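Since the structure comes first, as structure tokens, the remarks are kept for the end.
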Amino acid sequence: MTQDQDTTGTTAPIPPTTTGRARHAEVEDHWQEVWETLGVFRARDDGARERRYLLTMFPYPSGDLHMGHAEVLALEDVVARYWRQLGYDVLNPIGWDSFGLPAENAAIRRGEHPEVFTETNIATQARSIRRYGVSFDWSRRLQTSDPAFLRWTQWLFVRLVERGLAYRATAPVNWCPQDGTVLAHEQVVDGACERCGTPVVRRDLTQWFLRITDYADRLVDEMDALVGHWPEKVLAMQRHWIGRSAGARVDFAVVDVADARGARTPHAGPRTVSAFTTRPETLFGVTFLAVAPDADVARALCAPERAEALEAYRAASLTLSDIDRQATSREKTGVFLGAWVEHPATGERLPVWAADHVLPGYASGIVMGVPAHDERDRAFAARHGLAVRPVLTTAPGEETSQARDVVVHSDGGGLTLDGLSPAEAAARTTTWLGTRGRGGPQVVHRLRDWLVSRQRFWGAPVPIVHCTACGEVPVPDDDLPVRLPDLRGEALAPRGVSPLAGAEDWVRTACPRCGREARRDTDTLDTFVDSSWYFLRYCSPGHTDGPFDPEAVRRWMPVAQYVGGVEHAVLHLLYSRFVTKVLHDMGLVDVVEPFATLLNQGQVINQGRAMSKSLGNGVDLGAQLDAYGVDAVRLTMVFAGPPEDDVDWADLSPGSMQRFLGRVLRVAQDVRSPAAAGSWSTSCPAAADGDAALRRVTHRTVQDVTGLLDTSRFNVAVARLMELTNAARRAIDAGPGPADPAVREAAESLAILLSMFAPYTAEEMWAALGHDPSVAVAGWPQVDPALLAESTVESVVQVDGRVRDRVTVDASVGEDDLRETALAREAVRRAVAGRTVVRVVVRAPRVVNVVTRA
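Just so we're aligned: 378 in UniProt numbering is position 378 of the sequence shown, and the numbers increase by one with no gaps anywhere.
Dropping the structure here:
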């Protein structure tokens, strides 16, 4: 096969007239200009080749590139360049998630508009990314704060409103006092804001939510297609976060309330309340109900005389994180609501308590208290003097979840569970509840609706107008985007409400329906809304008739491989999957999963800890690039270990990579055989007359590297290139010499294989070998199957599992001959002297193990 070339003519390598940083800059600038002129990294999208879409997670323009960027960009570019060499039409775009708090906080400190900080950082990062040699298609560049992108983010939100998937409601929310905004449940980590680390409190606010819970089952079930293509750790994290649980709904009739003197009166609130349980077999062990104090049902059930106590308890619970509330070590506080319910099977009256270890977002916010068989319920019952009623038997040392059978039954309700296993008892109880209209099977999810309102300035304004006559009115599509007003400095400071509320001229507007005076919504959208669909915009970034061209999306989607950090396993990936499914249901995209495969990279640390200025272990990427060159740093990152492992910079040596690159470049510069006439071919007929041993090493290396790249074992692939470099060097210095055609074949193969990892050095090699630019589109070398067949192999000889000798044998050696050869070796005879050979295990042609006894 011959690789198509975009241009003709040879670009000579840069002569080594300079050294160090200046030399690096000269080479890098030269090849960047060549790549840009030739357009080698542009996605053609012309139908001539099979397409593959590669994507790295949306960077945020918080400053210049750091060591984490250096790793993920190096890994991502290996894949992009490999796919191009295989002949695919590759879409590898770049853009910025340019809305967000860091820019806004910087603008407050500097008294400027957030856009200034954002644009400055984007320009800085763009220059650094170009220097780093990443093969992005810059023609598709985008950023979320651009009006052309903002318009379609708001358009998407309006569609969600129209489909009933976006709604406004008053609810307890997570509030970050430092950033002055609400947070989605997923943005609270260990009780603190995932951005700034400030402890989160709970507040009642009216906010915008997206009904991601409507898609909870699909988000779980459709992960089946991702098994084997996404890391199992990520899939497990999403399943856990969605928290699908199958069990039973149990309905309890509300019978009465008790005043302070114990006098009972009929309850004026709900007639029935429901609790969800995953353990319906413990129904007869229920001795109380526990209600989340911040759930609406708590107020509805509460006796009037206990309302004040409930409100105080509710307020206190809102200061705690969900993790704190559910901690098993924390004392189990509660408030008796003065309400009583009837047990659905026994008719027993059960008290109802507010307990802050119960969360309002899970099922109905009510749980059955079964203190004999639940640790938290047991602690709560002990603290408040409630009954404990065992209903399951266990063997000594077993947990109740391992119960052997159920030992209680209803004497008159028709539900008998004696002697059943827990699973049998659970099924019978659930059926009994359903047939008597007292509950039945139910599936619930831990997942909560996605809270997307933010009380900050630098984000997409919510495209809703509030009219006293018409209510909530979406801004018409023709009036999108709704742009931000010009606020700066202190006007952006967090104040408990959005800074937009202070821009009165911007807030006042006319209702799109009735024309009366109305007010704009003053919240902005969470930046995760922007990143939940940006990958679709890359398919047609200039499209003006919609957020994307459906036909272009059909050609490119799904993303063939997504590369980024595991820290986005729940937030970004879950939201992107949800929005893709909504768009599929709208008929706008064909796919239901946006990312076919996922590659997570580890963290770059230093001296065993995360890099930090305060710890004094930060590493300046720019300084490393100046000292060693881009290629040496990229190669260091890739060679450090498997992509998913953490990389400790203290253990790495960019200097050794720099020396290796010098050796491999000299291999190309020392070649003396002529280049083939015409365009370079991925097979080299002239090499057939060259050194057979070197040719075998070359072709095996190409074969091995192909398999290693296909399985993301990039570090091992680099090791194979080092071995081929050494073989080529030996052939030049002590073998057939630099004029041998096999040496040229090895050098050409090295240049192409190295181009995935160290593109500048590979281009220098390719030019030194006399070929047209660029090596990035040279094409993958072909392998000769005949050269892959080994004529001889090294067989390892062990005695009782310890290696005693190695022997070179014919690759087709039989078991009997290999056994005889191994036993005849002097080292083996010494090892078995004075012992009895019990058996000889032969795995021809690789291993012989002699088993002995005294």
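Every residue gets a Cβ at the ideal spot worked out from N, C-alpha and C, and that includes glycine.
Everything numeric in this text was worked out from a predicted model, so none of it was measured.
Query	Result
Per DSSP, Asn715 is paired with what?	Partner(s): none; Asn715 has no beta bridge.
Does Ser401 pass the burial test, meaning 16 or more other C-beta atoms within 10 Å, or should it be called exposed?	Residue placement at Ser401 is flagged as unreliable, the pLDDT there being 45, under the threshold of 50; the coordinate-derived value follows with that caveat. With fewer than 16 Cβ atoms within 10 Å of its Cβ, Ser401 is classed as exposed.
What are the boundary residues of the beta strand (DSSP E) that includes Pro93?	93-96
Three-state secondary structure (DSSP) at Tyr88?	coil
Alpha carbons only, please: which of Leu337, Ser498, Asp810 is nearest the one belonging to Gly180?	Ser498
Which same chain residues, not among the five before or five after Glu815, have their C-beta less than 8 angstroms away from its C-beta?	Val842, Ala844
On the DSSP letters alone, give me the boundaries of the alpha helix (DSSP H) that Tyr628 sits inside.	621-628
State buried or exposed for Thr636, treating a residue as buried only when at least 16 other CB atoms are found within 10 Å of its CB.	buried
Relative to the C-alpha of Phe41, which residue among Phe136, Val72, Phe99 is closest?	Phe136
Excluding the 5 residues flanking Asp411 on each side, which residues of the same chain have their C-beta closer than 7 angstroms to its C-beta?	With a pLDDT of 44 at Asp411, under the threshold of 50, the predicted position of this residue should be treated as unreliable, and no value is reported.
Which one or two residues does DSSP pair with Val367 in a beta bridge?	Ala290
Whose C-alpha, out of Pro485, Thr328, Leu86, Leu65, is nearest the C-alpha of Glu375?	Thr328
Looking at Arg700 and Leu788, is the spacing between their C-beta atoms short of 8 angstroms?	yes
Taking all protein chains shown into account, decide if Gly397 is buried (16 or more other Cβ within 10 angstroms of its Cβ) or exposed.	In this prediction, Gly397 has a pLDDT of 49, which is less than 50 and means its spatial position is unreliable; what the coordinates show is noted afterwards. Flag for Gly397 reads exposed.
Who are the near neighbours of Ala403 in its chain, counting only those whose CB is closer than 7 angstroms to its CB and skipping five residues on each side?	Bear in mind that the predicted position of Ala403 carries a pLDDT of just 45, short of 50, making it too unreliable to give a figure here.
For Val619, which residues from the same chain have a beta carbon less than 7 angstroms from its beta carbon, with the 5 sequence-adjacent residues on both sides left out?	Met67, Asn606, Met611, Trp649
Could you round the C-beta distance between Glu71 and Gln624 to whole angstroms and report it? I think they count as a contact, below 8 angstroms.	12 angstroms between Cβ atoms; not a contact.
Have a look at Pro759, Val220, Asp45, Val847 and flag the residue whose alpha-carbon is nearest the alpha-carbon of Lys581.	Val220
Tyr362 CB to nearest chain C CB: under 8 angstroms?	Judged by its chain identifiers, the structure shown contains no chain C, having just a single protein chain.
Inspect the CB distances between the stretch 153-161 and the stretch 523-537 and report whether three or more fall short of 8 angstroms.	yes
What whole-angstrom Cβ distance do Glu50 and Tyr82 have, given they're in contact under 8 angstroms?	About 14 angstroms separates the two Cβ atoms, so there is no contact after all.
Using CA atoms only, rank isn't needed, just tell me which of Ala372, Arg438, Trp353, His373 is closest to Ser365.	First, the amino acid is wrong: residue 365 is Gly here, not Ser. Considering only alpha carbons, the answer is Trp353.
Tell me whether the beta-carbon of Leu318 lies closer than 8 angstroms to the beta-carbon of Pro177.	no
Grouping DSSP H, G and I as helix and E and B as strand, with all else coil, what is Glu194?	coil
Return the chain-ordered list of same chain residues with a C-beta closer than 6 angstroms to the C-beta of Leu205, the five sequence neighbours on each side being excluded.	Val173
Can you list, in chain order, the stretches of the beta strand (DSSP E) that have 3 or more residues and sit fully within the stretch 777-818?	792-799, 802-810
Apart from the five residues just before and just after Ser656, which ones in its own chain have a Cβ nearer than 6 angstroms to its Cβ?	none
What does Tyr53 pair with, by DSSP beta-bridge criteria?	Leu91
Quick check on Ile323: buried or exposed, where buried means 16 or more other Cβ atoms within 10 Å of its Cβ?	exposed
So which of Thr468, Leu818, Pro781, Thr597 has the shortest CA-CA distance to Ser795?	Leu818
Are the CB atoms of Val465 and Thr509 within a distance shorter than 8 angstroms?	yes
What is the DSSP secondary structure of Phe528, reduced to helix, strand or coil?	helix
Using the three-state DSSP reduction, which class does Phe548 fall into: helix, strand or coil?	coil
How many Å lie between Arg314 and Asp296 at the Cα?	11 angstroms
Kindly list the residues whose CB is nearer than 6 angstroms to the CB of Gln603, restricted to its own chain and excluding five residues on each side of it in sequence; keep chain order.	Asp646
Which residues mark the beginning and the end of the beta strand (DSSP E) in which Thr144 is found?	Where Thr144 is concerned, there is no enclosing beta strand (DSSP E), given that its DSSP letter is neither H nor E.
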